[in-house]
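Colleague: Position one of the sequence shown corresponds to residue 1 (full-length UniProt numbering), numbered consecutively onward. Once you've had a glance at the structure underneath, I'll fire off some questions.
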Amino acid sequence: MSLDRLATFDAEPAAGEVIDGELAVTDDVLVKAFALGPDATIDPHEHGDATNVFHVVRGEVTVQQEDTEEAITAPGVVLNERGQAHGAHNHTDEVAVLTASLCPLPGQ
Numbered sequence: 001m002s003l004d005r006l007a008t009f010d011a012e013p014a015a016g017e018v019i020d021g022e023l024a025v026t027d028d029v030l031v032k033a034f035a036l037g038p039d040a041t042i043d044p045h046e047h048g049d050a051t052n053v054f055h056v057v058r059g060e061v062t063v064q065q066e067d068t069e070e071a072i073t074a075p076g077v078v079l080n081e082r083g084q085a086h087g088a089h090n091h092t093d094e095v096a097v098l099t100a101s102l103c104p105l106p107g108q
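Shown next, in the form of structure tokens:
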């Protein structure tokens with residue numbers, strides 16, 4: 001057994017597809033992995049009671065925050081403050097992978 005939880009996330013999405021999976025869930029944090037196929041999108045959304053941190057671990061994703069967009073190439077880290085609208089899009093021809101840590105969990 002490996003301590004690396006990302007090692008078990010072996011997703012290869014098709015174009016336009018997003019595959020996600022939970023890597024860690026505790027009383028105070030959720031860590032999910034997202035694999036974005038070419039031209040795939042995580043729609044903009046917000047978490048009013050939690051901070052969300054993206055860790056780009058493979059490829060390149062364009063991260064949106066409110067009215068700003070920036071291409072982030074692995075390795076990269078993006079802080080999404082509480083209540084800040086954020087999303088991601090893969091504009092490349094390769095699969096991109098990011099993790100998202102949400103803390104604290106909503107309702108905690």
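C-beta: ideal position from N, C-alpha, C; glycine also.
1. Compare the beta carbon distance of residue 117 and Gly48 with 9 Å and say whether it is the shorter of the two.
2. How close, in whole Å, do the beta carbons of Leu23 and Leu102 come, if the pair is a contact with beta carbons under 8 Å?
3. Can you tell me which of Leu3, Thr99, Ser2, Arg5 puts its alpha carbon nearest to the alpha carbon of Val53?
4. I believe Val56 touches Gly37 by the beta-carbon criterion, under 8 Å. Please report the beta-carbon distance rounded to the nearest angstrom.
5. The beta strand (DSSP E) spanning His89 covers which residue range?
6. Run the CB neighbour count on Ala88, radius 10 Å, all protein chains shown included, and call it buried at 16 or more, exposed below.
7. Classify Val25: buried if its beta carbon has 16 or more other beta carbons within 10 angstroms, exposed otherwise.
Modeller: On the basis of the supplied data:
1. The structure shown does not extend to residue 117, since the chain is modelled only from 1 to 108, so the question has no answer here.
2. Their Cβ separation, rounded to whole angstroms, is 12 Å, which puts Leu23 and Leu102 out of contact at 8 Å.
3. Thr99
4. Wrong, their Cβ atoms sit about 15 Å apart, outside the cutoff.
5. 86 to 89
6. buried
7. exposed
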